[in-house]
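Asks: Read the sequence shown against this note's numbering and you will find it ends at 1090, with the numbers running on by one and no gaps.
For every residue, glycine included, the Cβ atom is placed at its ideal position computed from N, Cα and C.
One structure coming up, written as structure tokens, with questions to follow.
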Amino acid sequence: MSQEINIPELGTVGLLRYFWRQLTSMRTALILLMMLGLAAIPGSLIPQRSQNPMAVRQYFIDSPELARWIDRLSGFTVYSSPWFSAIYILLFISLIGCVLPRTLEHYKSMRAQPPATPRNLSRMEAFQEFTGNGSELDLAKKWFKKNRFRVRIEDQNISAEKGYLRETGNLLFHLSLILILLGVSIGSLFGMRGEAIVNKGERFISIPTSYDTLSFGKLVNEESVQPFIIEVIDFVAKYDALTNAPQDYTATVRVTNPGEKTSEIKTLKVNSPLTFGNTRVYLQANGYSPIVTVRDSTGAVALQGPVPFLPQDGNLRSIGAIKVPDGNPQLGFVASFLPTYERDGANGGISVFPELLNPKLLFSIWQGDLGLDSGIPQSVYRMDTTKMKRIALDSLKPGETFTYPEGSITFETVVPWINLQIVDDPGKSYALYGA
656 MSQEINIPEL
666 GTVGLLRYFW
676 RQLTSMRTAL
686 ILLMMLGLAA
696 IPGSLIPQRS
706 QNPMAVRQYF
716 IDSPELARWI
726 DRLSGFTVYS
736 SPWFSAIYIL
746 LFISLIGCVL
756 PRTLEHYKSM
766 RAQPPATPRN
776 LSRMEAFQEF
786 TGNGSELDLA
796 KKWFKKNRFR
806 VRIEDQNISA
816 EKGYLRETGN
826 LLFHLSLILI
836 LLGVSIGSLF
846 GMRGEAIVNK
856 GERFISIPTS
866 YDTLSFGKLV
876 NEESVQPFII
886 EVIDFVAKYD
896 ALTNAPQDYT
906 ATVRVTNPGE
916 KTSEIKTLKV
926 NSPLTFGNTR
936 VYLQANGYSP
946 IVTVRDSTGA
956 VALQGPVPFL
966 PQDGNLRSIG
976 AIKVPDGNPQ
986 LGFVASFLPT
996 YERDGANGGI
1006 SVFPELLNPK
1016 LLFSIWQGDL
1026 GLDSGIPQSV
1036 YRMDTTKMKR
1046 IALDSLKPGE
1056 TFTYPEGSIT
1066 FETVVPWINL
1076 QIVDDPGKSY
1086 ALYGA
């Protein structure tokens, strides 16, 4: 005769408790950590809107159908997407729920004395019985102390235990991982990151409109930008004459803090940032800005000043676009700047050294619609020539002028530019402590 077994229902509380135990298990934490690593891979393969919006726009132009599907899956905003945030938050909860109770239990165990000696050793799986001479407890105590055991002596009994350091190290590792996650989350919520290219002789005023790129955490806005002024007085780059490898970058800047009338001269290097409160300013990159003067057919100046060019290799071969939108029709120059020009039979004009030993500006002149009124963002280093016609092709050295039917262009000189990276990361200290 069979007897039915009635299994009690879990109920809502029991079900929640079951899910909580599953979430806070170490196995779940490891699975979530692996999922977080896999989820971060698309962010390194696909351009992100917060880092390179121009590349995202180009992606839509090159592959519009694929780009739309990627955008639906938050592929261009991976690190702020709902699915990435869900994995991140679940991992954070799992680690806290797993590690903190274990840490408290471990602390209590370390504070407690070793367990008392069983009264009947014969009931244990392994024991040994022999007749001593009365000094066994003293000998055992000395041996245990020598080997760093925790000892407990009661009524002619001695017990000892060790092995807590392994669990301590394990818990410290997981606590440090929690600190790193906490630091990253604080930085993503309250941090700020921006970049700005500043030519030698120019000033950078830290207001939102002065940045080339600027991104904020989810809980801060433009009001959190730290105000300051940096004027680039000089920039010196030193390179190895044999390998062309960079040896030193040094920028001399004049710094003005908010609310102060006086300024001070400081030195900015790659690994020596400037500090303004919680904001740090790093020297990230450098390049060249040819100073050009473009005149129309009447001789009036249509454009004058430095134009930053984007380096393409270690010898600072740089590309850029000089746009003159006020002309009728509009003009544009697709240009390449070579700091140390040499003619190569296979590749044409190349730069063989990053310093200004033989600078030359190579360009083609285009006439037509620059597309600046289309409302679509454009790169300052490139020019869309689909609605334009090439009318001339030439090259200039500093001080030379090229004349064409619609006007002229003069290559005046060259100034270096530096790229400032401005970072406010309030969670950095937590991440460093965890690391």
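Assuming contact is defined by CB atoms lying nearer than 9 Å, are P719 and I852 in contact in what I supplied?
Replies: No, the pair does not count as a contact, with Cβ atoms beyond the cut-off.
Asks: Following the continuous beta strand (DSSP E) through G1023, name the residue where it begins and the one where it ends.
Replies: Where G1023 is concerned, the enclosing beta strand (DSSP E) stretches over K1015 to G1023.
Asks: Considering A1047, what are the terminal residues of the beta strand (DSSP E) in which it resides?
Replies: M1043 to L1051 is the span of the beta strand (DSSP E), which, as asked, contains A1047.
Asks: Does the beta-carbon of I725 have 16 or more other beta-carbons within 10 angstroms, so that it is buried, or is it exposed?
Replies: Buried is the call here.
Asks: Please classify S952 as buried or exposed, where buried requires at least 16 other C-beta atoms within 10 Å of its C-beta.
Replies: S952 is exposed by the Cβ-count criterion.
Asks: Nearest to R805 by alpha carbon, out of Q783, Q811 and P770?
Replies: With distances taken between Cα atoms, R805 lies closest to P770.
Asks: Note down the Cα distance separating V668 from Y762, rounded to an integer number of angstroms.
Replies: Taking the straight line from one Cα to the other gives about 29 Å.
Asks: Does the region 1056-1063 touch the region 832-851, meaning 3 or more C-beta pairs lie closer than 8 Å?
Replies: Contact between the region 832-851 and the region 1056-1063 is absent, because fewer than three Cβ pairs lie under 8 Å.
Asks: Among residues of its own chain, excluding the 5 on either side of P984, which ones have a beta-carbon nearer than 7 Å to its beta-carbon?
Replies: Correct list, in chain order: Q1022 and G1023.
Asks: Between the region 853-865 and the region 818-837, are three or more C-beta pairs nearer than 8 Å?
Replies: Too few Cβ pairs lie closer than 8 Å, so no.
Asks: By DSSP's criteria, K921 is part of a beta bridge. Which residues make up the other side?
Replies: K921 pairs with V908.
Asks: List the whole-angstrom C-beta distance separating L938 from V910, where the pair is believed to meet the contact cut-off of C-beta under 8 Å.
Replies: About 13 Å; that fails the 8 Å criterion.
Asks: Between the region 1026-1046 and the region 1080-1089, do three or more beta carbon pairs fall short of 8 Å?
Replies: Result no; under three Cβ-Cβ pairs closer than 8 Å.
Asks: Please name the residue in L700, P980 and N970 whose C-alpha comes closest to that of T995.
Replies: That would be N970, whose Cα lies nearest to the Cα of T995.
Asks: For the candidate residues F731, G1004, Y1088 and T868, whose alpha-carbon lies nearest to that of V1078?
Replies: The residue with the shortest Cα to Cα distance from V1078 is T868.
Asks: According to DSSP, simplified to helix, strand and coil, what is K855?
Replies: It is coil, neither helix nor strand.
Asks: Determine the contact status of L1017 and S1063, defining contact as a CB-CB distance below 9 Å.
Replies: No, the pair does not count as a contact, with Cβ atoms beyond the cut-off.
Asks: Rounded to the nearest angstrom, what separates G692 and I744 at their Cα positions?
Replies: Going by the C-alpha atoms only, they are around 14 Å apart.
Asks: Kindly give me the distance between the Cβ atoms of L986 and S1006, rounded to whole angstroms, as I take these residues to be in contact under 8 Å.
Replies: Not really, about 26 Å apart at Cβ, beyond 8 Å.
Asks: DSSP has Y943 in a bridge; who is on the other side?
Replies: Paired residues: P1071.
Asks: Using only the alpha-carbon positions, how far apart do P961 and T1065 sit?
Replies: Cα-Cα distance, rounded: 12 Å.
Asks: Under 8 Å Cβ to Cβ from L965, same chain only, skipping five residues before and after it: list those, please.
Replies: Counting only Cβ-Cβ distances below 8 Å, and skipping sequence neighbours, we find G942, S973, I974, G975 and Y1036.
Asks: Express the C-alpha separation of M765 and T823 in angstroms, rounding to a whole number.
Replies: One C-alpha to the other measures close to 10 Å.
Asks: Straight-line CA distance for S918 to F715?
Replies: Distance between the alpha carbons of S918 and F715 is about 46 Å.
Asks: Buried or exposed: where does W738 fall if 16 or more other Cβ atoms within 10 Å of its Cβ makes it buried?
Replies: Looking at its Cβ environment, which holds fewer than 16 other Cβ atoms inside 10 Å, W738 is exposed.
Asks: Taking only three categories from DSSP, how would you classify I1092?
Replies: Outside the shown range of the chain, which is 656 to 1090, sits residue 1092, and nothing can be said about it.
Asks: Excluding the 5 residues preceding and the 5 following E877 in the sequence, name in chain order all residues of the same chain whose CB lies nearer than 7 Å to its CB.
Replies: Within the same chain, E877 has close Cβ partners P863.
Asks: For the beta strand (DSSP E) holding G987, just list the boundary residues, first then last.
Replies: Start and end: Q985 to L993.
Asks: Thinking just about the alpha-carbon of each residue, which of T786, E886, Q1076 and G1054 is nearest to the one in T1160?
Replies: What the structure shows of the chain is the stretch from 656 to 1090, and residue 1160 is not part of that stretch, so it cannot be assessed.
Asks: Of all the options S861, D793 and G818, which has the alpha carbon lying nearest to the alpha carbon of I808?
Replies: Selected option, being the one with the closest Cα: D793.
Asks: Given the structure, does I977 come close to the ligand GTP, in the sense that its CB is under 8 Å from one of the ligand's heavy atoms?
Replies: Judged by which ligands are present, the structure shown has none, so any question about the ligand GTP falls away.
Asks: Residue ranges of each beta strand (DSSP E) run of no fewer than 3 residues wholly in the region 758-813, ordered along the chain?
Replies: The qualifying runs are 805-809.
Asks: For the candidate residues S1029, E997, F1008 and V887, whose alpha-carbon lies nearest to that of N1074?
Replies: Among S1029, E997, F1008 and V887, the Cα nearest to that of N1074 belongs to V887.
Asks: For T667, which of helix, strand or coil comes out of DSSP?
Replies: The answer is helix: DSSP assigns T667 an H, G or I state.
Asks: With Y996 as the anchor, note down where its beta strand (DSSP E) starts and where it stops.
Replies: Note, Y996: beta strand (DSSP E), Y996 to D999.
Asks: Going along the chain, which residues of its own chain have a beta-carbon closer than 8 Å to the beta-carbon of M681, five neighbours each way excluded?
Replies: Once the five neighbours on either side are set aside, the close Cβ partners of M681 are C753.
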